[in-house]
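Mapping of the sequence shown onto the UniProt record's numbering: position 194 corresponds to residue 194, and the numbering continues sequentially without gaps.
We treat Cβ as the ideally placed atom computed from N, Cα and C, and that holds for glycine.
As the structure is a prediction and not an experimental result, all values here were calculated from the model.
Below: the structure, in structure tokens.
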Amino acid sequence: MASNDSDSQMKIVHGDAGYILEDVPHFADYIPNLPVFSLSLSLFRSSSITYANCIALTHSLADRLCTTFFFLQTYPNPLRSNPAYSVVKQYFVHMDDTVPQKVVVHKDSPRGVHFRRAGPRQKVYFKSDEVHACIVTCGGLCPGLNTVIREIVCGLSYMYGVNKVLGIDGGYRGFYSKNTITLTPKVVNDIHKRGGTILGTSRGGHDTGKIVDSIQDRGINQVYIIGGDGTQRGATVIYEEVRRRGLKVAIAGIPKTIDNDIPVIDKSFGFDTAVEEAQRAINAAHVEAESIENGIGVVKLMGRYSGFIAMYATLASRDVDCCLIPESPFYLEGKGGLFEFIEKRLKENGHMVIVIAEGAGQDLLTESMQAMDQKDASGNKLLQDVGLWISHKIKDHFARKDKMPINLKYIDPTYMIRAIPSNASDNVYCTLLAQSAVHGAMAGYTGFTVGLVNGRQTYIPFIRINERQNKVVITDRMWARLLSSTNQPSFLSPKDLEEAKKAESPTQLLEENNCNDVGDAEKEQPPKDEQESGNHTDNGIKTQN
């Protein structure tokens, strides 16, 4: 079962035939369905009175403290009278609808882990005119941020009649810096055509107490947090503090990471755009390389810990001769090393293209090990420029071989890729994520992240998003497809290969074990990029039907 620390973040529901629902929190879990009163903010913070104590206080005390009463009650969903939904045959999601984490099973397999299906419910927990929502973007830039902002604002307005939406300027620290932007459908109408985020962003600056104080002071009751794994961890502690204070405030996360390194979900928004834009850099490197004798094009792509962008961009291009990612170690010198392969490919084709993820080969940068201990405001290691380093290494190696002069061109499109607007595919995905988040918050769910699981929008507990990073599995068929496409060696010694196989057990076997033991499921969830598990189709990314 889930640990005590995670009880408030995830509810475990068991069903027949090994069915497990990892459910998200709801207002009803901690706000009693009784008339209770809310104390003045100054008293609530300065005294030892807690939300639980408030229920026991008398009406006369409430009168002396000038408090007000509220009920946790439901209202009919405004979508019932929305013309846009009048033609939809079944526009409310059934309360028992869930989505399986794995869809490929054996005939005797348990049903396994499920997540709550996202979408509108028949009853909502907010009156439209009482909603005061806010949106914040944190961390690095990613294609699609403005689209998500736009669709949250328009979804709240057009679907639920909500008119009070604030944008928090400059990331988490904007909550207590008093920086806000009033957001309306008119203000956000064209922002999806721009890169970046109109709200601004930052790393760090997370002060839970100050943030929740600001939420209370402003009367905010819906918070939409857009960001990566660090941001979602921050959202988790905000939710915990909101719950501790007994506030009727929905905390909804929209996962953002261009590296696609968030677990459980099929993919993160902006990933498709990044892979598509990376083609331009790879094509330029290929043109440069094939236009001159012994030309080598080196392209560095994003991927601090996960090499998904490099892997999918390589597969999409077909012009890449070698792809290097953080998950697959490689070496330079000696038999079977990178230098030997480069020399072989140049003799065969007269040119080659190398794609390297920014986190690959960091263990080889021995001269910069001290710098690797430094971290940014989000707690991420500051990486050295592996693309520039490996370019110099290749040049130095072939400079010692007088018989083979080379011409190397190095291209780093990192910031060009993440600063562009999202493409059509990501725009649609961002719309689905934003609207799902709005539906969940209005229905009283909180402490959740929205995401696509097996092609269906779901509500996922924060704890599942934060438990680990999603990485390329080098013993998986997808990586084998890349190796067969580039015809590059794996650069793994027999010992490395054996260790990799031990580290990553077959997905289906893991899933069967997980169905029998929830504790194991939390510790050892299989990677989502196991292509034959049903999370992805053969072309790599599963699309919404």
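Cα-Cα separation between residue i and residue j, rounded to whole angstroms
{"i": "T201", "j": "V148", "result": "14 Å"}
{"i": "C134", "j": "I225", "result": "9 Å"}
{"i": "R456", "j": "V99", "result": "7 Å"}
{"i": "R173", "j": "I460", "result": "26 Å"}
{"i": "F69", "j": "W479", "result": "Only weak support is given to the placement of F69: the predicted model assigns it a pLDDT of 44, under 50, and the question is left unresolved by the model."}
{"i": "R304", "j": "A84", "result": "42 Å"}
{"i": "L156", "j": "A434", "result": "10 Å"}
{"i": "I20", "j": "C322", "result": "42 Å"}
{"i": "V438", "j": "G336", "result": "53 Å"}
{"i": "I411", "j": "V187", "result": "37 Å"}
{"i": "E333", "j": "E277", "result": "32 Å"}
{"i": "I463", "j": "N163", "result": "31 Å"}
{"i": "S42", "j": "H192", "result": "Because S42 sits at a pLDDT of 42, beneath the cut-off of 50, its placement in the model cannot be relied upon, and the following sentence gives the value as read from the coordinates. If you take the alpha carbons of S42 and H192, they lie about 40 Å apart."}
{"i": "N189", "j": "R150", "result": "7 Å"}
{"i": "L247", "j": "S214", "result": "13 Å"}
{"i": "I465", "j": "T208", "result": "19 Å"}
{"i": "A424", "j": "G451", "result": "18 Å"}
{"i": "G112", "j": "M442", "result": "28 Å"}
{"i": "L301", "j": "D129", "result": "46 Å"}
{"i": "Q9", "j": "G228", "result": "18 Å"}
{"i": "V287", "j": "R194", "result": "29 Å"}
Buried/exposed call for residue i, threshold 16 Cβ in 10 Å
{"i": "Y75", "result": "exposed"}
{"i": "K256", "result": "buried"}
{"i": "E240", "result": "buried"}
{"i": "S86", "result": "exposed"}
{"i": "S46", "result": "At S46 the pLDDT is 45, less than 50, meaning the model places this residue with poor confidence; the figure from the coordinates comes in the next sentence. S46 is exposed by the Cβ-count criterion."}
{"i": "E293", "result": "exposed"}
{"i": "R280", "result": "exposed"}
{"i": "T184", "result": "exposed"}
{"i": "H392", "result": "exposed"}
{"i": "N221", "result": "buried"}
{"i": "T182", "result": "exposed"}
{"i": "P32", "result": "exposed"}
{"i": "R80", "result": "exposed"}
{"i": "Q90", "result": "exposed"}
{"i": "A371", "result": "Its pLDDT being 49, under 50, A371 is placed unreliably by the model, and nothing is read from it."}
{"i": "S291", "result": "exposed"}
{"i": "S484", "result": "exposed"}
Which residues DSSP lists as bridging residue i, in chain order
{"i": "Y125", "result": "According to DSSP, which records beta bridges pairwise, Y125 is partnered with nothing at all."}
{"i": "Q222", "result": "A133, A250"}
{"i": "V298", "result": "I354, Y410"}
{"i": "V24", "result": "Paired residue(s): none; V24 is not in a bridge."}
{"i": "H206", "result": "Looking at the DSSP assignment, H206 forms no beta bridge with any residue, so it has no partner."}
{"i": "I262", "result": "None, per the DSSP bridge assignment."}
{"i": "residue 554", "result": "Coverage of the chain is limited to positions 1 through 545, which leaves residue 554 absent and any answer about it impossible."}
{"i": "P76", "result": "K123"}
{"i": "R456", "result": "V453"}
{"i": "P255", "result": "G227"}
{"i": "Y445", "result": "H26"}
{"i": "Y19", "result": "G112"}
For residue i, the first and last residue of its enclosing alpha helix (DSSP H)
{"i": "L433", "result": "424–442"}
{"i": "N407", "result": "Run containing N407: none in the alpha helix (DSSP H); it sits in the beta strand (DSSP E), 407–411."}
{"i": "V113", "result": "No alpha helix (DSSP H) holds V113; the beta strand (DSSP E) holding it covers 112–117."}
{"i": "H392", "result": "386–399"}
{"i": "C142", "result": "Neither: C142 is in no alpha helix (DSSP H) and is coded neither H nor E."}
{"i": "R464", "result": "462–466"}
{"i": "T314", "result": "308–317"}
{"i": "L482", "result": "477–486"}
{"i": "L492", "result": "First-last for L492: undefined, no H or E at that position."}
{"i": "Q232", "result": "229–244"}
{"i": "I31", "result": "Taken as a continuous stretch (DSSP letters only), I31 belongs to no alpha helix (DSSP H), as it is neither H nor E."}
{"i": "H286", "result": "271–290"}
{"i": "R345", "result": "338–349"}
Delimiting residues of the beta strand (DSSP E) encompassing residue i
{"i": "T449", "result": "448–453"}
{"i": "I325", "result": "Unbroken run through I325: none, as it is neither H nor E."}
{"i": "H14", "result": "11–14"}
{"i": "V99", "result": "98–100"}
Closer than 7 Å: residue i CB and nearest the ligand NAD heavy atom
{"i": "V105", "result": "What this structure holds is no ligand at all, so the ligand NAD is not there to describe."}
| Between the segment 412–431 and the segment 88–97, are three or more C-beta pairs nearer than 8 Å? | no
| query | Quick one: any contact between the segment 403–410 and the segment 175–187, if contact means 3 or more CB pairs under 8 Å? | reply | no
| Is it true that the segment 227–245 meets the segment 110–122, where meeting means three or more beta-carbon pairs spaced less than 8 Å apart? | no
| field | the segment 473–492 in contact with the segment 261–275 per 3-pair CB rule at 8 Å | value | no
| How do the segment 422–429 and the segment 266–279 stand: do at least 3 beta-carbon pairs fall below 8 Å, yes or no? | yes
| field | the segment 106–116 contacting the segment 383–398, beta-carbon criterion three pairs below 8 Å | value | no
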